[in-house]
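In this text, residue positions in the sequence shown follow my numbering: the first is 169, and each later residue adds one.
Yeah, the Cβ is synthetic: ideal placement off N, Cα and C, and Gly gets one too.
These numbers were taken from a predicted model, which means no experiment stands behind them.
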Amino acid sequence: MSFFTKTKTLLFETTLSTKSYKSKIIEAKAKGYRVTLLFFWLQNIELAKERVITRVSEGGHNIEPEVIERRYIIGIKNLFDIYLPIVDGALIFDNSEGQYQLLADKQIDGLLNIANHEKFNLLKNYYDNN
169 MSFFTKTKTL LFETTLSTKS YKSKIIEAKA KGYRVTLLFF WLQNIELAKE RVITRVSEGG
229 HNIEPEVIER RYIIGIKNLF DIYLPIVDGA LIFDNSEGQY QLLADKQIDG LLNIANHEKF
289 NLLKNYYDNN
């Protein structure tokens, strides 16, 4: 059974390191859902590793460093190559410093509005160079 049949609001968390959600988003939109993506970016892989260490110390699950590295890079690539083009709206945040900061948003008109050029350019440069 499809999870679109009885639910009005859906939410799921992912690193975007898989392409498999593309078909789910397309299906959701075909069924009349409006799809909004929230992307919380960390400025570097080492910070992502530190977050996992903290999570483990608090009783959460571990992720091996090489998996973190792979998912970090692929997640950023998939954000720009797959997911931003197909979602109805998006909010991209920098979550590196504890208090998240809006970098960009995509509204229903499809345009990406940059709220913080300096930090968005860091993210975009990472995408362009990897």
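Annotated as distal: residue 270 and residue 291, with beta-carbon spacing of 8 Å or more. By the Cβ criterion, the segment 217 to 225 is not in contact with the segment 282 to 290, since fewer than three pairs of Cβ atoms, one from each stretch, lie closer than 8 Å. Non-local C-beta neighbours of residue 280 in its own chain, meaning closer than 6 Å and more than five positions away in sequence, comprise 272, 274, ordered along the chain. Checking the DSSP bridge columns, you'll see residue 273 partnered with 259, 281. The beta carbon of residue 255 sits closer than 8 Å to those of 193, 203, 204, 205, 274, all from its chain and outside the five residues before and after it, given in chain order.
Straight-line spacing of the CA atoms in residue 216 and residue 240 works out to 8 Å. A contact between stretches requires three or more CB pairs, one per stretch, nearer than 8 Å, and the segment 256 to 269 fails this requirement with the segment 175 to 191. Taking 8 Å as the cut-off, the Cβ atoms of residue 295 and residue 244 count as close. DSSP, reduced to helix, strand and coil, places residue 183 outside both helices and strands of the structure shown, so it counts as coil. The three-state reading of DSSP puts residue 222 in helix, counting H, G and I together. Ranking 201, 198, 208, 232 by CA distance to the CA of residue 267 puts 208 first. Distances from the CA of residue 252 to each of 232, 278, 228 were compared; the closest alpha carbon is that of 278. The continuous beta strand (DSSP E) containing residue 205 extends over residues 204 to 209.
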